[in-house]
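**Q**
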Amino acid sequence: MSSSPTTDLHSYPDPILHGERYYQHLQRRNILRLILTYLLPLVILTVYFGFQYRQLIIEGNKAHLKAIAENQANTLDLFLRERVVNLSNLIDDPRIELPPSAEAMMNLLATLKQNSETFVDIGFFDSNGVQIAYEGPYPQLENRDYSGEAWWVALKNKADPFIITDIYLGFRQRPHFTIGVSRVLRGQYVVLRATLDPEEFSDYIAHLEHPSEVYTSIVNQAGYYQVVTPQMGAALALSSIIPPRSPKLDSQEIVLGGDRIYYGYSWLRTCDWALIVQATSDMGGGPGGGTIINIVAFSAAVILLIFSIIVARARKIVREVRKADIARAELTDNLLHASKLAAVGELASGIAHEINNPLAIINEEVGLIKDMMDPEFKMSRSLEDLKPGLNNIEEAVFRCRDITRKLLAFVRRTELNLQTYDIHEVIDGVVKGFYAHELAVSNVELSSDYWSEPLFVAADRNQLQQVFLNLITNAIDAVEDRGRIAIATSLADGRVYISVADSGVGMTQELLDKIFLPFFTTKQVGKGTGLGLSISYGIIKSLGGNISVTSTLGQGSTFTIDLPAAARPSREHAGVPVEEAGAPAARQEP
Amino acid sequence: MQSGEERPEAIRVLLADDEPAFRTSTALCLRRRGCEILEAGSAHDALRTLRLNPDIDVVILDHLMPGGAPAHTLAEIIALRPGLPVILLSGMGRPDPSGGTPPAGFFRCLEKPCDLDDLIDAIEAAARSRS
Numbered sequence: 169m170s171s172s173p174t175t176d177l178h179s180y181p182d183p184i185l186h187g188e189r190y191y192q193h194l195q196r197r198n199i200l201r202l203i204l205t206y207l208l209p210l211v212i213l214t215v216y217f218g219f220q221y222r223q224l225i226i227e228g229n230k231a232h233l234k235a236i237a238e239n240q241a242n243t244l245d246l247f248l249r250e251r252v253v254n255l256s257n258l259i260d261d262p263r264i265e266l267p268p269s270a271e272a273m274m275n276l277l278a279t280l281k282q283n284s285e286t287f288v289d290i291g292f293f294d295s296n297g298v299q300i301a302y303e304g305p306y307p308q309l310e311n312r313d314y315s316g317e318a319w320w321v322a323l324k325n326k327a328d329p330f331i332i333t334d335i336y337l338g339f340r341q342r343p344h345f346t347i348g349v350s351r352v353l354r355g356q357y358v359v360l361r362a363t364l365d366p367e368e369f370s371d372y373i374a375h376l377e378h379p380s381e382v383y384t385s386i387v388n389q390a391g392y393y394q395v396v397t398p399q400m401g402a403a404l405a406l407s408s409i410i411p412p413r414s415p416k417l418d419s420q421e422i423v424l425g426g427d428r429i430y431y432g433y434s435w436l437r438t439c440d441w442a443l444i445v446q447a448t449s450d451m452g453g454g455p456g457g458g459t460i461i462n463i464v465a466f467s468a469a470v471i472l473l474i475f476s477i478i479v480a481r482a483r484k485i486v487r488e489v490r491k492a493d494i495a496r497a498e499l500t501d502n503l504l505h506a507s508k509l510a511a512v513g514e515l516a517s518g519i520a521h522e523i524n525n526p527l528a529i530i531n532e533e534v535g536l537i538k539d540m541m542d543p544e545f546k547m548s549r550s551l552e553d554l555k556p557g558l559n560n561i562e563e564a565v566f567r568c569r570d571i572t573r574k575l576l577a578f579v580r581r582t583e584l585n586l587q588t589y590d591i592h593e594v595i596d597g598v599v600k601g602f603y604a605h606e607l608a609v610s611n612v613e614l615s616s617d618y619w620s621e622p623l624f625v626a627a628d629r630n631q632l633q634q635v636f637l638n639l640i641t642n643a644i645d646a647v648e649d650r651g652r653i654a655i656a657t658s659l660a661d662g663r664v665y666i667s668v669a670d671s672g673v674g675m676t677q678e679l680l681d682k683i684f685l686p687f688f689t690t691k692q693v694g695k696g697t698g699l700g701l702s703i704s705y706g707i708i709k710s711l712g713g714n715i716s717v718t719s720t721l722g723q724g725s726t727f728t729i730d731l732p733a734a735a736r737p738s739r740e741h742a743g744v745p746v747e748e749a750g751a752p753a754a755r756q757e758p
Numbered sequence: 107m108q109s110g111e112e113r114p115e116a117i118r119v120l121l122a123d124d125e126p127a128f129r130t131s132t133a134l135c136l137r138r139r140g141c142e143i144l145e146a147g148s149a150h151d152a153l154r155t156l157r158l159n160p161d162i163d164v165v166i167l168d169h170l171m172p173g174g175a176p177a178h179t180l181a182e183i184i185a186l187r188p189g190l191p192v193i194l195l196s197g198m199g200r201p202d203p204s205g206g207t208p209p210a211g212f213f214r215c216l217e218k219p220c221d222l223d224d225l226i227d228a229i230e231a232a233a234r235s236r237s
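Chains as they are written, first to last, in my numbering: chain A, 169 to 758; chain B, 107 to 237.
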């Protein structure tokens with residue numbers, strides 16, 4: 169309350185407590201605000217880091233797959249190269265017979281099998297492409313002409329003196345592949361060829377490194393499986409993964425049947441095969457899937473925790489606000505009540521006069537009756553003679569009662585009761601009820617210049633009375649002994665204007681600035697509380713109105729109130745005063 | 107009323123009060139006690155009566171009356187009849203004792219409602235002060 173007491177005091181626009189919906193709305197707004205403040209950044213961070221982490225995992229996995237593919241391809245290259253070297257060694261042996269005898273062929277095959285179990289058979293071809301010597305499980309292939317076979321043509325046209333074929337069925341109708349080396353020996357183009365068993369080869373590949381992490385398969389240039397694990401497909405079937413030719417070594421992702429699949433590949437150097445490694449479920453299905461799920465679950469738990477804290481916090485805030493509202497409403501109520509008491513206090517001397525006069529009459533009448541009983545005065549003792557005096561006493565008693573009733577009605581703590589009142593009737597009630605005598609005995613002239621029609625406002629009668637009581641008391645104080653007070657009303661733009669102008673001392677700008685501050689008063693110590701105008705301000709603001717003041721020093725001040733105009737009330741409510749505060753005042757006049 | 111003291115003649119009192127009931131009954135009481143009472147219902151009335159009756163000894167003046175602020179009426183009475191004792195009847199408690207020096211002629215202030223005997227005492231004391 170230190171910097172702007174007026175604002176704080178007057179910030180009780182409606183002393184009626186807010187409804188339940190207001191607090192629900194407040195709670196929702198609070199929760200939303202707290203979520204935006206605390207949860208949203210957290211969610212964004214979680215998603216961002218989750219995504220980043222996932223990318224990292226994917227990149228890591230891809231790099232891992234690529235490394236495996238490279239390693240396995242190198243191993244495979246080495247293996248194939250060794251097989252080529254095995255064959256080359258045989259043909260390059262200077263002791264080789266041309267053409268080799270059956271016994272020699274047996275020895276050659278034995279040597280090969282010593283080198284690798286994958287060798288199945290061996291054949292020797294003359295320059296015409298006829299297998300002139302053969303050793304192996306398919307003796308019917310001996311003397312068969314291979315000159316039309318693709319591998320023969322390819323080898324013949326190839327710069328390199330060796331070829332590794334794709335796996336094919338061939339004359340023997342069994343999947344196999346062939347390594348052929350060509351030489352020109354003693355002026356003769358010859359070819360030594362061995363076939364390899366893909367099953368043995370496949371076993372070999374299956375026992376390459378990381379067997380549990382990846383499925384390894386080999387496809388040829390056309391995309392047909394050469395070697396494949398049963399989990400992925402069948403040999404010579406078309407692979408669903410066909411790695412690009414360039415780069416030679418990489419890892420890729422493709423979507424197959426709705427699943428995102430990561431694989432690493434490496435094209436072999438020894439032949440036109442690509443080695444493909446594909447993650448098994450042991451690698452986590454998706455890349456880092458388990459970890460991602462953990463992160464999401466953990467984040468969800470944290471978010472849930474924060475959310476419940478937010479909800480609890482918002483509830484608490486709303487509870488506090490509601491408590492503060494109730495306290496403020498009570499405080500406002502107390503303040504309003506105190507201000508009423510203060511207003512009555514300011515009227516005290518006038519009220520005392522009003523009560524003491526009838527008391528004096530009673531006193532005198534009692535004196536008269538006593539005189540009648542006093543033998544000294546030798547007066548008539550007829551009861552009939554008492555009557556005028558008793559009537560006077562009775563009248564005086566009722567006058568006192570009316571005054572106290574009026575006071576109590578004003579001071580009584582009343583619930584706010586917003587109804588539609590004719591402002592003229594309210595003002596007249598205040599003027600007649602509280603100032604009739606004071607105005608009659610002073611040189612203050614009060615005039616009313618009312619709008620031709622009744623002007624209705626929705627307000628609490630008691631509060632309106634209080635406002636006008638304050639304004640008129642101030643005006644009377646301002647004019648001191650003699651002067652004029654003019655009350656005028658008008659209607660413009662749906663608002664009711666009421667001005668209370670006095671021809672009093674007026675105020676300086678300095679005073680005007682402070683006039684609505686609580687506890688600011690120009691009256692003598694003990695006479696004014698300085699609450700009247702600040703309370704009036706609060707009341708008028710709470711009714712959706714404004715109160716302003718203009719003043720010229722030495723010429724007087726004008727207080728202007730504007731309130732929203734209300735419709736003329738229906739007949740049963742019209743002009744019926746809530747309290748009898750104003751009504752008995754009329755009877756008070758003798 | 108002081109016993110054993112003889113009154114050479116009735117004290118002439120101007121009773122100025124705007125309450126007719128109070129004025130009538132007070133006048134009646136005072137007349138019974140030997141005062142001669144002139145009544146006035148307003149400040150204006152009071153001043154006129156005072157002008158017409160130069161032999162008035164004491165004025166009883168209601169503190170608040172139509173037709174003039176109390177200080178005004180009092181000042182006019184004093185101006186008209188300097189030294190005339192005035193008994194003020196106040197319904198608003200005693201005037202502030204520190205509120206300036208009482209004007210000359212102002213005699214006593216009684217609180218309404220006042221004891222009839224106090225009023226008689228005040229009237230007699232005021233009348234004595236004049237003689």
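Beta carbons: idealized from backbone N, C-alpha and C, even for Gly.
Model, not experiment: these values are computed from the prediction.
1) From A228 (chain B) to S235 (chain B), what does the alpha carbon distance come to, in whole angstroms?
2) Nearest chain A C-beta to T132 (chain B) closer than 8 angstroms, yes or no?
3) Considering only their Cβ atoms, is the gap separating V445 (chain A) from Q240 (chain A) smaller than 8 angstroms?
4) When Cβ atoms are compared, which residues of the segment 631-648 of chain A fall closer than 8 angstroms to chain B?
5) Can you list, in chain order, the residues of its chain with a C-beta nearer than 8 angstroms to that of D182 (chain A)? Leave out the 5 residues immediately preceding and following it.
6) Less than 6 angstroms between C-beta atoms, sequence neighbours within five positions excluded: which residues of the same chain meet that for S704 (chain A)?
7) Given a limit of 7 angstroms on CB to CB distance, which residues of the segment 128-152 of chain B reach chain A?
8) What is the DSSP secondary structure of F684 (chain A), counted as helix, strand or coil?
9) If I measure Cβ to Cβ from L632 (chain A) and keep anything under 6 angstroms in the same chain, skipping five residues before and after, which residues do I get?
10) Return yes when the Cβ of D168 (chain B) is within less than 8 angstroms of the Cβ of D123 (chain B), no when it is not.
11) Quick check: does the Cβ of D245 (chain A) come within less than 7 angstroms of any heavy atom belonging to the ligand GDP?
12) Got a sec? Which residues, its chain only, sit under 6 angstroms from N198 (chain A) by beta carbon, not counting five neighbours each side?
13) Would you say I229 (chain B) reaches chain A, if we count a Cβ-Cβ gap shorter than 8 angstroms as a contact?
14) Between which two residues does the beta strand (DSSP E) holding N242 (chain A) run?
15) Skipping 5 residues on each side, what residues in its chain have a beta carbon closer than 6 angstroms to that of M400 (chain A)?
16) Classify M541 (chain A): buried if its beta carbon has 16 or more other beta carbons within 10 angstroms, exposed otherwise.
17) Any idea what DSSP makes of L711 (chain A), helix, strand or coil?
18) Short of 6 angstroms in beta carbon distance, which residues of its chain neighbour E367 (chain A), apart from the five on each side in sequence? Order them along the chain.
19) Given a threshold of 16 other Cβ atoms within 10 Å of its Cβ, counted over all protein chains shown, does I729 (chain A) qualify as buried or as exposed?
20) Would you call the CB atoms of R118 (chain B) and D161 (chain B) closer than 8 angstroms?
21) Looking only at its chain, what residues have a beta carbon closer than 7 angstroms to the beta carbon of Y306 (chain A), apart from the 5 residues adjacent to it on each side?
22) Does the Cβ-Cβ distance between A528 (chain A) and P219 (chain B) come in under 8 angstroms?
23) Quick one: which residues of the segment 588-619 of chain A get their C-beta closer than 9 angstroms to a C-beta of chain B? List them in chain order.
24) Along the chain, which unbroken stretches of the alpha helix (DSSP H) at least 4 residues long are found entirely within the segment 550-631 of chain A?
25) If you measure from the beta carbon of V119 (chain B) to each beta carbon in chain A, is any gap under 8 angstroms?
26) Going by beta carbon distance, what residues of the same chain come within less than 6 angstroms of P455 (chain A), once the five residues before and after it are set aside?
27) Helix, strand or coil: which one does DSSP assign to A149 (chain B)?
28) Taking three-plus beta-carbon pairs below 8 angstroms as touching, is the segment 238-256 of chain A in contact with the segment 493-500 of chain A?
29) If you run the structure through DSSP and keep just helix, strand and coil, what is P815 (chain A)?
30) So G557 (chain A) contacts chain B; which residues on that side make the cut at Cβ distance below 8 angstroms?
31) Along the segment 212-225 of chain B, what residues have a CB closer than 7 angstroms to any CB found in chain A?
32) Going along chain A, which residues have a C-beta under 9 angstroms from E115 (chain B)?
33) How many whole angstroms separate the CB atoms of I347 (chain A) and L255 (chain A), which I take to be in contact at a CB cut-off of 8 angstroms?
34) Identify, in the order they occur along the chain, each residue of the same chain with its Cβ nearer than 7 angstroms to the Cβ of L680 (chain A), setting aside the five sequence neighbours on each side.
35) Give the range of the alpha helix (DSSP H) segment to which Q195 (chain A) is assigned.
36) Just reading off the alpha helix (DSSP H) that L280 (chain A) is part of, what are its end residues?
**A** Result, derived from the coordinates:
1) 10 angstroms
2) yes
3) yes
4) none
5) With a pLDDT of 46 at D182 (chain A), under the threshold of 50, the predicted position of this residue should be treated as unreliable, and no value is reported.
6) V635 and N638
7) F128, S131, T132, L134, C135 and R138
8) Coil at F684 (chain A), not helix or strand.
9) Here the set comprises V594.
10) yes
11) Of ligands this structure carries none, so the ligand GDP is not represented either.
12) Result list for N198 (chain A): A482 and I485, in chain order.
13) no
14) Element bounds for N242 (chain A): not the beta strand (DSSP E) but the alpha helix (DSSP H), L208 to D260.
15) Y383 and S385
16) Counting Cβ neighbours within 10 Å, M541 (chain A) comes out exposed, since fewer than 16 surround it.
17) coil
18) none
19) buried
20) yes
21) D289 and R340
22) yes
23) H605, E606, A608, V609, S610 and N611
24) 555-579 and 591-609
25) no
26) The predicted model places P455 (chain A) with a pLDDT of 48, which falls under 50 and marks its position as unreliable; any figure quoted below should be read in that light. The residues are I225, I226 and N229.
27) helix
28) no
29) This structure leaves residue 815 (chain A) out entirely; chain A is present only between 169 and 758.
30) The contacting residues are S131.
31) K218, P219 and L222
32) Chain A residues near E115 (chain B): none, gap ~20 angstroms exceeds 9 angstroms.
33) 6 angstroms
34) V717 and S719
35) In the DSSP annotation of this structure, the continuous segment of the alpha helix (DSSP H) that includes Q195 (chain A) starts and ends at E188 to L202.
36) A270 to N283
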